[in-house]
Amino acid sequence: MILNLLIAGFGGQGVLFMGKVAASAAMLMEKEVSWLPSYGPEMRGGTANCSVSIDDNPISCPLITEPETLAVLNGPSFDKFIDAVRPGGKAFIDSSLIQKKTARSDISAYYIPAATLAEEAQLQGLGNIVMLGAIAKETHFAPMEVLEEAIRQVVPASKAHLVDANIQALKLGYGYQE
Amino acid sequence: MAKKYLMKGNEAMAEAALRAHCRHFFGYPITPQTEVAAYMAKRMPKLGGTYLQAESEVAAINMVLGASAAGMRAMTSSSSPGISLKTEGISYIAASDLPALIVNVMRGGPGLGGIQPSQSDYWQATKAPGHGDAQVLVYAPSSVQEMVDLTIRAFETAERWRMPAMLLADGMLGQMMEPVSFPDEVPLPPEKPWALTGTKGARKPNIVNSLYLTPSQLEQIVKERFQRYEKVKAQEVLCERYKLDDAQFVLVAYGATARICKAAVDMAREKGIPVGLFRPITLWPFPEKELAALGGQVKSMLAVEMSMGQMVDDVRLAVNGRCPVYFYGRTGGIIPTPAEIEGQIVKMANRKEEA
Numbered sequence: 000m001i002l003n004l005l006i007a008g009f010g011g012q013g014v015l016f017m018g019k020v021a022a023s024a025a026m027l028m029e030k031e032v033s034w035l036p037s038y039g040p041e042m043r044g045g046t047a048n049c050s051v052s053i054d055d056n057p058i059s060c061p062l063i064t065e066p067e068t069l070a071v072l073n074g075p076s077f078d079k080f081i082d083a084v085r086p087g088g089k090a091f092i093d094s095s096l097i098q099k100k101t102a103r104s105d106i107s108a109y110y111i112p113a114a115t116l117a118e119e120a121q122l123q124g125l126g127n128i129v130m131l132g133a134i135a136k137e138t139h140f141a142p143m144e145v146l147e148e149a150i151r152q153v154v155p156a157s158k159a160h161l162v163d164a165n166i167q168a169l170k171l172g173y174g175y176q177e
Numbered sequence: 000m001a002k003k004y005l006m007k008g009n010e011a012m013a014e015a016a017l018r019a020h021c022r023h024f025f026g027y028p029i030t031p032q033t034e035v036a037a038y039m040a041k042r043m044p045k046l047g048g049t050y051l052q053a054e055s056e057v058a059a060i061n062m063v064l065g066a067s068a069a070g071m072r073a074m075t076s077s078s079s080p081g082i083s084l085k086t087e088g089i090s091y092i093a094a095s096d097l098p099a100l101i102v103n104v105m106r107g108g109p110g111l112g113g114i115q116p117s118q119s120d121y122w123q124a125t126k127a128p129g130h131g132d133a134q135v136l137v138y139a140p141s142s143v144q145e146m147v148d149l150t151i152r153a154f155e156t157a158e159r160w161r162m163p164a165m166l167l168a169d170g171m172l173g174q175m176m177e178p179v180s181f182p183d184e185v186p187l188p189p190e191k192p193w194a195l196t197g198t199k200g201a202r203k204p205n206i207v208n209s210l211y212l213t214p215s216q217l218e219q220i221v222k223e224r225f226q227r228y229e230k231v232k233a234q235e236v237l238c239e240r241y242k243l244d245d246a247q248f249v250l251v252a253y254g255a256t257a258r259i260c261k262a263a264v265d266m267a268r269e270k271g272i273p274v275g276l277f278r279p280i281t282l283w284p285f286p287e288k289e290l291a292a293l294g295g296q297v298k299s300m301l302a303v304e305m306s307m308g309q310m311v312d313d314v315r316l317a318v319n320g321r322c323p324v325y326f327y328g329r330t331g332g333i334i335p336t337p338a339e340i341e342g343q344i345v346k347m348a349n350r351k352e353e354a
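From first to last, the protein sequence lines are chains A and B. Heads up, the first sequence is in numbering that gives the first Met the number 0, so the first residue is 0 and it goes up one at a time. Heads up, the second sequence is in numbering that gives the first Met the number 0, so the first residue is 0 and it goes up one at a time.
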């Protein structure tokens with residue numbers, strides 16, 4: 000498995016979009032890929048999440064319950080999923096929105112103040128893409144130029160003016176040093 | 000290579016229907032298939048077709064009947080509770096020898112149930128899609144690409160045999176995105192000399208009807224329809240075989256569950272268990288002969304479903320005692336994990352031969 004990623008946060012934080020960028024990058028690399036959103040009542044508040052699987056082999060189950068890589072963008076998601084990360088896995092935690100730290104020593108935790116980094120760079124609302132940049136750096140699931148192309152493809156034509164900001168956010172996350 | 004798109008199953012299926020020249024969609028929203036109606040609402044008017052949100056599922060299916068009777072390629076889509084409402088109309092369409100596509104993106108039942116993926120409408124789709132002696136073609140996609148391919152095929156076979164076809168998917172396939180491609184060109188629908196298109200004074204009127212008050216006449220018509228069903232059974236069965244060549248144990252699964260079973264087969268093979276997967280792609284007609292033959296070659300089979308055990312009935316009927324057939328299922332919207340199924344394979348392989 001190249002990437003087995005569960006992304007969770009509040010509805011409106013761009014959880015699904017973030018997953019779609021990752022999935023599109025995989026498609027550009029001609030990998031097997033699946034993207035599955037939560038579509039239950041949690042969409043209407045609380046946590047939204049999506050599963051992204053990228054592999055050389057066909058994806059059997061697109062639903063991820065025990066992620067190798069977890070990205071959490073709010074406190075409730077941290078509480079809900081941090082114990083589900085597979086031993087040896089990675090957890091990316093938006094430390095500007097989540098004050099807690101995990102006590103688990105069997106996973107690697109990355110505390111990225113993604114929302115704050117985005118805001119400081121005048122990229123309001125792009126904490127999700129900052130986080131994706133950080134994930135790309137640590138997991139190497141896709142090179143930067145492919146992710147940039149994925150953003151160009153996924154951002155809808157009506158919002159084309161946001162492409163550059165998204166790419167900037169991606170680079171910001173990729174370059175962040177804890 | 001054809002261009003790939005990253006699309007949700009629901010949207011890819013809707014796009015496939017449009018590319019298959021379907022210009023009449025009648026729907027009513029219900030989770031988890033609402034994207035179908037949303038996609039159709041956006042695209043259909045641009046193609047000069049009719050998208051109509053009916054006042055109810057019952058109305059929608061009867062609009063499909065009307066459009067189909069007039070010779071149009073027509074469809075509706077819904078999810079489990081909505082399909083129950085459509086069953087009266089499905090029976091009328093089958094009884095009127097009309098082609099149509101009905102999509103069921105299954106969710107947990109019975110009743111309103113839940114909205115997570117399920118396969119608990121197998122009995123309804125294959126045994127009683129409506130009242131009376133009737134069948135519908137039932138296609139079970141297992142990927143977003145198959146949502147596309149089988150949608151196109153379903154329109155074509157429905158018209159070839161003049162009977163309704165159902166695409167039996169589930170919430171997982173409807174909601175997930177995968178890369179998908181579309182055929183460059185889909186053949187136009189065939190001529191339909193039986194359609195109600197107006198005689199223009201040049202021919203005798205066509206009649207589309209399902210009411211026959213004389214028992215002998217009704218029996219005759221139903222018998223003729225069942226002769227057609229026999230031809231369908233002989234010609235339209237589709238199935239996939241995965242690692243069956245040397246298999247002593249066989250999983251039988253369809254749709255979303257089948258792809259999870261593939262991973263379980265691979266995991267069990269790493270432990271040295273000779274197991275494979277048999278995947279029915281058409282659920283009606285069911286691949287009876289293929290499973291019967293397989294039943295004579297292997298030690299046992301395990302049907303895996305997202306239900307309390309429905310398809311397993313057909314597996315047992317087909318195998319007819321040639322080997323034991325076990326069942327494992329999750330229901331209510333729970334998707335079994337590959338590890339869970341692998342555990343069941345190990346259990347099956349360790350069972351003592353039944354006396």
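Glycine residues also receive a C-beta, built at the ideal position from the N, C-alpha and C atoms.
Notebook entry, point to check: Any Cβ of chain B within less than 8 Å of the Cβ of Gly39 (chain A)?
Noted result: At a cut-off of 8 Å between C-beta atoms, Gly39 (chain A) counts as an interface residue with respect to chain B.
**Item:** Interface residues of chain A facing Arg258 (chain B) [CB-CB closer than 9 Å]
**Value:** Pro57, Ile58, Ser59, Cys60, Pro61
- Does the separation of the CB atoms of Val57 (chain B) and Met74 (chain B) fall below 8 Å? no
Fill in: As assigned by DSSP and simplified to three states, the class of Glu14 (chain B)
helix
Task: Within 8 Å of chain A by C-beta, residues of the stretch 154–177 of chain B in sequence order - done: Gly170, Met171, Gln174, Met175, Met176, Glu177
Candidates B:Leu210, B:Met171, B:Val318, B:Ala292, of which the one nearest Gly254 (chain B) by Cα: B:Met171
Distance between beta carbons of Val135 (chain B) and Met162 (chain B), contact taken as under 8 Å: Taking the Cβ atoms as the reference, Met162 (chain B) lies roughly 6 Å from Val135 (chain B), within the contact range of under 8 Å.
Q) How would you label Ala354 (chain B), buried or exposed, when you count the other beta carbons within 10 angstroms and need 16 or more for buried? A) A caution first: Ala354 (chain B) carries a pLDDT of 41, below 50, which makes its placement in the model too unreliable to give a value.
**OP:** Mind checking the stretch 27–38 of chain A against chain B and listing, in chain order, the residues whose C-beta falls within less than 8 Å of any C-beta there?
**Re:** Val32, Ser33, Trp34, Leu35, Pro36, Tyr38
Worksheet entry | Neighbouring residues, chain A, relative to Ile206 (chain B) (Cβ below 9 Å) | What Ile206 (chain B) touches in chain A: nothing, since even the nearest Cβ is about 44 Å away.
* To do: Would you grab the beta carbon distance between Met176 (chain B) and Met6 (chain B) for me? Rounded to a whole angstrom, and I think it's under 8 Å.
  => Contact holds; Cβ gap of about 6 Å.
Name the residues in the stretch 315–337 of chain B whose C-beta lies less than 8 Å from a C-beta of chain A; which are they?
Ile334, Thr336, Pro337
Nonlocal neighbours in the same chain, by C-beta distance under 6 Å from Leu116 (chain A), ignoring five residues either side | Excluding residues up to 5 positions away in sequence, Val129, Leu171 lie with their Cβ nearer than 6 Å to the Cβ of Leu116 (chain A) in the same chain.
Practice item. Report the residues of the stretch 246–270 of chain B with a CB closer than 9 Å to any CB of chain A, ordered along the chain. Key: Ala255, Arg258, Ile259, Cys260, Lys261, Ala262, Ala263, Asp265
| request: Run through the stretch 19–79 of chain A for me and flag every whole beta strand (DSSP E) of 3 or more residues, listed as ranges in chain order. | output: Along the stretch 19–79 of chain A, the beta strand (DSSP E) occurs as fully enclosed runs of 3 or more residues at 31–36, 46–54, 68–71, listed in sequence order.
C-alpha gap between Ala11 (chain B) and Val231 (chain B), whole angstroms: 27 Å
Classify Asp163 (chain A): buried if its beta carbon has 16 or more other beta carbons within 10 angstroms, exposed otherwise. exposed
Worksheet item: When the Cβ atoms of the stretch 43–63 of chain A are set against those of the stretch 246–261 of chain B, are three or more pairs found closer than 8 Å?
Response: Yes, the stretch 43–63 of chain A touches the stretch 246–261 of chain B.
Checklist entry - Is the stretch 106–120 of chain B close to the stretch 240–248 of chain B, with three or more CB pairs under 8 Å? => result Counting Cβ pairs under 8 Å, fewer than three are found: no touch.
*Report the rounded CA-to-CA distance for Ala292 (chain B) versus Pro279 (chain B), giving the unit in angstroms.*
14 Å
Within a Cβ cutoff of 8 Å, which residues of the same chain sit near Ser306 (chain B), ignoring the five residues on either side of it in sequence?
Closer than 8 Å at Cβ, skipping near neighbours: Ser117, Gln118, Ser119, Tyr121, Gly328, Thr330.
Cβ pair count under 8 Å reaching 3, the stretch 46–57 of chain B against the stretch 220–240 of chain B: no
- Using a Cβ cut-off of 8 Å (strictly closer), state whether Leu22 (chain A) contacts chain B. Checking the sequence shown, residue 22 (chain A) turns out to be Ala, not Leu. Cβ-Cβ to chain B under 8 Å: yes for Ala22 (chain A).
Checklist entry - Can the beta-carbon of Val35 (chain B) be found less than 8 Å from the beta-carbon of Gly26 (chain B)? => result yes
Comparing C-alpha positions only, which one of B:Leu282, B:Met71, B:Val264, B:Ile101 sits nearest to Gly342 (chain B)?
B:Val264
Point to revise | Residues near Ile106 (chain A) in its chain [Cβ-Cβ closer than 6 Å; skip 5 each side] | key: Val84, Gly88, Ala90
The stretch 111–128 of chain B: positions lying closer than 9 Å to chain A by Cβ: Gly113, Ile114, Gln115, Pro116
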